[in-house]
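S.K.:
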Amino acid sequence: MTRLTLFDSPLFLGFDEIEQTFARLQKSSHEGYPPYNIEQIGEIGLRITIAVAGFTMDMLDVEIENKQLTIRGRQQGKSEEEEDRIFLHRGIAARQFQRSFILADGMEIKGAWMDNGLLNIDMERVVPVSTAQKIAIQGPKKSSSKKAEGYIDIDQKD
C-alpha cells in the first residue's frame, strides 16, 4: 500500500527533505520521559537540559545524523543487590529512553556535560558572514553578430 502525503502533489517538487523530516518526527517518541528544557543562551545560543537521574555518562549516547540530534539512555543489567530489593512504591523511572530533536540549518553543537543528574547540550546558530561583491558591467561582446563563429544561419539559401 502506498502512503500518500501532501508533498506527493506536483506543486511540491523538490520537498523530499521536508517529507523525510516529518517522517522522522512521527517515528520519534511522544512520551514525556525524560523531561527536558530548551533555553536560549545569549543571542545565538541554545541549551537543551535533560533530566537523566540514575544514568551515568557511560550509559548515555549523544549523536547527530542528518540534522537530527538523538540522545539515548541505556540502563545496564540489574545487579544482585537491585534484584533483591522490594519496592513499596517505585516513582523513579529506571528505563531506557531515546529523545530526538531536529536541528535547523546552521545549528552547531558546542558541547555536552552532566551535572547533578542533568545532561546539558549547548549549541549555537552559526551566522554566515555576508560579504557584498561588486559585479562589473561590461559593454557588448565583440562576437555578438549572428555570423559569429559557431552559429549557423538557417535563413541562408544554398
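Just so you know, we're using the numbering used here here: the sequence shown kicks off at -7 and counts up by one. All C-beta atoms, glycine included, are put in the ideal place defined by N, C-alpha and C.
Ordered along the chain, which non-local residues of its own chain (more than five positions away) have a Cβ less than 7 Å from that of Gly46?
M.R.: Ile84 and Ala86
S.K.: Measure the alpha-carbon distance for Gly37 versus Arg117 and round it to whole angstroms.
M.R.: 6 Å
S.K.: Report the partner residues of Asp53 according to the DSSP bridge assignment.
M.R.: Arg64
S.K.: Rounded to the nearest angstrom, what separates Met115 and Met51 at their Cα positions?
M.R.: 22 Å
S.K.: Answer with buried or exposed for Ile33, where buried requires no fewer than 16 other C-beta atoms within 10 angstroms of its C-beta.
M.R.: The residue is exposed, with fewer than 16 neighbouring Cβ atoms inside 10 Å.
S.K.: Going by DSSP, name the residue or residues bridged to Tyr28.
M.R.: Ile42
S.K.: Less than 7 Å between C-beta atoms, sequence neighbours within five positions excluded: which residues of the same chain meet that for Asp97?
M.R.: none
S.K.: Verify whether the separation of the beta carbon atoms of Ile94 and Lys59 is less than 8 Å.
M.R.: yes
S.K.: Quick one: is Val119 buried, meaning 16 or more other Cβ sit within 10 Å of its Cβ, or exposed?
M.R.: Using a 10 angstroms sphere on the CB of Val119, the tally of other CB atoms stays under 16, which defines it as exposed.
S.K.: With a Cβ-Cβ cutoff of 8 Å, do Phe89 and Tyr28 count as a contact?
M.R.: no
S.K.: Taking the alpha carbon of Ser92 as the reference point, which residue from Ile113, His81, Met106 and Arg77 has its own alpha carbon closest?
M.R.: Ile113
S.K.: Let me make sure I understand the geometry here. Which of Thr123, Arg39, Ile101 and Glu35 has the alpha-carbon closest to that of Glu57?
M.R.: Ile101
S.K.: Would you mind sorting Ile63 into buried or exposed? The rule is 16 or more other CB atoms within 10 Å of its CB.
M.R.: buried
S.K.: Can you grab the Cα-Cα spacing for the pair Thr48 / Arg82, in whole Å?
M.R.: 20 Å
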